[in-house]
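Visitor:
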Amino acid sequence: MRRLVKALFFLILFEAATAGSALAIPETPGPMLNGPAHNEAIEQLKLGEFRKVVELEKGVLERDPADLTARFMLAIAYLGLNEEKKAVEQAILANYAEPGFGVEIYGAMGRYYITKRRFHKALVYFKEALKIKEDPGVLKHVASIYLGQGLLQNAKEYLEKLVPTDPDYLNLSRIYLAETDFEKAVEYANEAIKTDPDATGAYLVLGTAHLLTGKLDQAEANFRILGSTNPDFFLTSYFMGVIDMMQKDYKGALNNFRTLITSSPRLKEGYLNASVVLHLEGKLDAAADMARKALKEDPLDPVARMVLGSVYLSQKEYDKAHEELAMASDAFPEFQPYPADEILKGCGDCSARFSLALIYNRAGLFRQTAELIPEGSADPLLKIMRARALQKLGDTDGAETEYQRALQERPEMVSAYIGLGEILEARDDGSNAVELYKLASQKAPDSVRVRGRLAEFYGKTGEVDKAVAEYMTVIAVSPGTVSAYRKIASLMADAMGDLDGALEFARTGSALAPEDVETKDTLGWIYYRMGMYREALDTYQAVEKTGRANPVVYYRMGLVYLKLDMPENAMAAFEMALDQNDEFTEAPEAKWRLKILSGLS
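Residue 0 is where the sequence shown starts when you use numbering that gives the first Met the number 0, and the numbers rise one by one after that.
The structure is reproduced here in structure tokens:
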């Protein structure tokens, strides 16, 4: 069930997490001592005249050393001058004099860094404030940053601290929805509505939670409210169409999907779902047309290929069906060798039901897939679809039974061997799992998916030579499979110590797909390990220019800068990594290096 939630999560569920919405100039705390004396400094602060602010506030402190507002103003001015150490000194001095005021200064420093989108720095100072006092405003800021970074567990920890005093029920409901804790998601969404009946996000949470748990009436009611309170939210028609489709109201479903197409003509889901509805209604020409439109938006989408191929099967256009299904053989390797007229012939509506199951599984509606395809279904491919849904639902025994039934009926069902292998691997029965993967590779020797699965297994078990051999087979079968070059390069570098060989494969993969971030990262890291620091920097900077550099890329770029004796650049790179994700794998090392370089503890 996680797939639907995750697909929508960062698009729609955190529109309220506005970490960058703080004021550019933090507000001074409470009534000010020597208030009139600070007025000019405040005006200068607004103008960005930080040196002038320092001059004025130092004068205030000379006249009145106990004026902590002056220390507050000095801290912000020093931040504006990029003199962080001096800002910290003011916070420390204020905290010695009055701990409560230390909270104000650290909190203001955190808010200042938010306005600069330097989220790691903001977290550092917010957490300093929280060491002194659990201030609700600071807790909210920390939770907001973690939400923006996608660190849901971290965000939840801080939001739950606010429940007794200043609860944020809406964001808590969103987090629980993402974690598929539907009971908690519904509970907090209802609390959010009690507080604000116009909280449209809460209706989205309720509708999604009820849809994923099969409570269609409640899901529909909440999506209708969402549609009336937020008519511009384009996905309401998608959800309503899915509900209509599940209730076999095909006319209503088609109307909703056409509404989605009108509002979002570049969104392939509207065309795909409309195609399936038309297929279920027996309107095959119109169904094929809709599927072709989906493929026009995304020619690489295997689900769109299979939906179109299924329509061709119903039309008995077997050559066209085989062409489309063969292009989706990475998802179902059995499509490649099978004659099209042998596929999905176990029942009259098998091809339409197969397409509907694809759509359900794509949306994470695995419970509905299992209900759509009853136990003991007549077609082996539908058995595979049911088994995959049961596997996602955690019913591995049921999935195992369905895979075995599919193989009893048709021993060539490669997907069943893979599914059974995955189940055994999850049970730590690697020796039997690998035998099933081998059987799958024998029956589909040209399948990139099967060879890749076997190679991954060998890589995890330390059988590096075998893993490399499988990836080499992938390259022989499909020379454009960039991931195979990248994985060979990683294995050669990390497990075999062959940096020269690794470099050759990484360069080839990068040349095939110059925009592929993972391959560029692998290439840059190999350059780094070979001491080719300029080449490494050029590689990482090329990734940065794409706007798709991830925390690991920035972290490794920082290491390269250190080797090139460019500490300021290194600090910026480490901080960029942590701004994206404060808890990524190398985050502790990045934080340690930042402290060393900055001289700040």
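We put the beta carbon where it would ideally sit given N, CA and C, even for glycine. No experiment lies behind these values; they were computed from the predicted model shown.
Considering only C-alpha positions, which residue in the set Ile422, Ala377, Ile372 is nearest to aspartate 394?
Guide: If we check each option's Cα against that of aspartate 394, Ile422 comes out closest.
Visitor: Exposed or buried, lysine 602, counting other C-beta atoms within 10 Å across all chains shown (16 or more means buried)?
Guide: Absent from the model: residue 602. The displayed extent of the chain is 0 to 600, so no value can be given.
Visitor: Which residue wins for smallest C-alpha separation from glycine 47, given the options Ala76, Glu54, Pro64?
Guide: Checking every option, the nearest Cα to that of glycine 47 belongs to Ala76.
Visitor: Could you tell me the distance, in whole angstroms, from the CA atom of threonine 521 to the CA atom of leucine 73?
Guide: One C-alpha to the other measures close to 45 Å.
Visitor: Measuring only the C-alpha atoms, how far is leucine 536 from threonine 480?
Guide: Going by the C-alpha atoms only, they are around 26 Å apart.
Visitor: Could you check where the alpha helix (DSSP H) with valine 162 kicks off and where it finishes?
Guide: Taken as a continuous stretch (DSSP letters only), valine 162 belongs to no alpha helix (DSSP H), as it is neither H nor E.
Visitor: Please classify alanine 21: is it buried, with 16 or more other beta-carbons within 10 angstroms of its beta-carbon, or exposed?
Guide: Low per-residue confidence applies at alanine 21: pLDDT is 37, beneath 50, and the placement is therefore not dependable enough to give any value.
Visitor: Counting only runs of 4+ residues fully inside the region 404-431, write out the alpha helix (DSSP H) ranges in chain order.
Guide: For the region 404-431, whole alpha helix (DSSP H) runs of length 4 or above, ordered along the chain, are 413-425.
Visitor: Here's the rule: buried if 16 or more other CB atoms are within 10 angstroms of the residue's CB, otherwise exposed. What is glycine 101?
Guide: Classification for glycine 101: buried.
Visitor: How big is the Cα-Cα spacing for tyrosine 526 and serine 509?
Guide: Taking the straight line joining both Cα atoms gives about 13 Å.
Visitor: Do you know whose CA, among Pro64, Asp63, Arg70, lies nearest isoleucine 41's CA?
Guide: Ranking Pro64, Asp63, Arg70 by Cα distance to isoleucine 41 puts Arg70 first.
Visitor: With distances taken from CA atoms, which of Tyr337, Pro301, Leu279, Leu371 is nearest aspartate 318?
Guide: Checked all of Tyr337, Pro301, Leu279, Leu371; the closest Cα to aspartate 318 is Tyr337.
Visitor: Does the distance from the CB of isoleucine 131 to the CB of proline 98 come in under 8 Å?
Guide: For isoleucine 131 and proline 98, yes; Cβs fall inside 8 Å.
Visitor: Whole angstroms is fine: what's the gap from glutamate 411's alpha carbon to proline 196's?
Guide: Distance between the alpha carbons of glutamate 411 and proline 196: 56 Å.
Visitor: If you count every other CB in all the chains shown that lies within 10 Å of the CB of leucine 343, and 16 or more means buried, which is it?
Guide: It counts as buried.
Visitor: Could you check how far apart the C-beta atoms of arginine 555 and valine 516 are, in whole angstroms? I think they sit under 8 Å.
Guide: Contact doesn't hold; Cβ gap of about 12 Å is too wide.
Visitor: Between the alpha carbons of glutamate 455 and alanine 330, how many angstroms are there, rounded?
Guide: Near 17 Å, if we compare the C-alpha coordinates of alanine 330 and glutamate 455.
Visitor: Assuming serine 236 and histidine 278 make a contact with CB atoms under 8 Å, what is their CB distance in whole Å?
Guide: At roughly 20 Å, the Cβ-Cβ gap does not stay under 8 Å, so serine 236 and histidine 278 are not in contact.
Visitor: Flag this pair as touching only if the region 206-216 and the region 231-245 have three or more C-beta atom pairs under 8 Å; answer yes or no.
Guide: Flag = yes, the region 206-216 and the region 231-245 touch.
Visitor: What number of angstroms, rounded off, separates the C-alpha of glycine 530 from the C-alpha of glycine 429?
Guide: Approximately 38 Å, taken between the alpha carbons.
Visitor: For a quick check, are the C-beta atoms of leucine 294 and alanine 303 less than 8 Å apart?
Guide: Going by C-beta atoms, leucine 294 is nearer than 8 Å to alanine 303.
Visitor: In this structure, how does DSSP classify asparagine 229 when only helix, strand and coil are distinguished?
Guide: Reduced to three states, the DSSP call for asparagine 229 is coil.
Visitor: Determine the DSSP secondary structure at asparagine 360, reduced to helix, strand or coil.
Guide: Reduced to three states, the DSSP call for asparagine 360 is helix.
Visitor: Taking only runs that begin and end inside the region 147-198, name each unbroken alpha helix (DSSP H) of 4 or more residues, in chain order.
Guide: The qualifying runs are 151-161, 168-177, 181-194.
Visitor: Using only alpha-carbon positions, find the residue among Leu158, Glu401, Gly451, Leu122 that is nearest to glutamate 374.
Guide: Comparing Cα-Cα distances from glutamate 374 to each of Leu158, Glu401, Gly451, Leu122, the minimum goes to Glu401.
Visitor: Mind listing, in chain order, the continuous alpha helix (DSSP H) runs of no fewer than 4 residues lying wholly within the region 59-102?
Guide: Runs of the alpha helix (DSSP H) inside the region 59-102: 67-79, 83-96.
Visitor: Would DSSP call serine 309 helix, strand or coil?
Guide: Helix.
Visitor: Just reading off the alpha helix (DSSP H) that isoleucine 487 is part of, what are its end residues?
Guide: Taken as a continuous stretch (DSSP letters only), the alpha helix (DSSP H) holding isoleucine 487 covers 481-490.
Visitor: Relative to the C-alpha of valine 552, which candidate in Leu511, Pro566, Leu150, Lys519 has its C-alpha closest?
Guide: Comparing Cα positions, the closest option is Lys519.
Visitor: How long is the line joining the alpha carbons of aspartate 348 and threonine 199, rounded to whole angstroms?
Guide: Aspartate 348 and threonine 199: Cα-Cα distance of roughly 39 Å.
Visitor: Tyrosine 112 by DSSP, collapsed to three states: which one?
Guide: It is helical.
Visitor: Who are the Cβ neighbours of tyrosine 249 in its own chain at under 8 Å, not counting the five residues just before and after it?
Guide: Closer than 8 Å at the Cβ level, and outside the excluded window around tyrosine 249, lie Asp243, Val276, Leu279, Glu280.
Visitor: In angstroms, rounded to a whole number, what distance separates the CA positions of alanine 93 and glutamine 43?
Guide: So the two alpha carbons sit approximately 22 Å from each other.
Visitor: Can you tell me which of the three DSSP states asparagine 580 falls into?
Guide: Note: asparagine 580 maps to coil in three-state DSSP.
Visitor: Should valine 559 go down as buried or exposed, given a rule of 16 or more other Cβ atoms within 10 Å for buried?
Guide: The residue in question, valine 559, is buried, as its Cβ has 16 or more Cβ neighbours within 10 Å.
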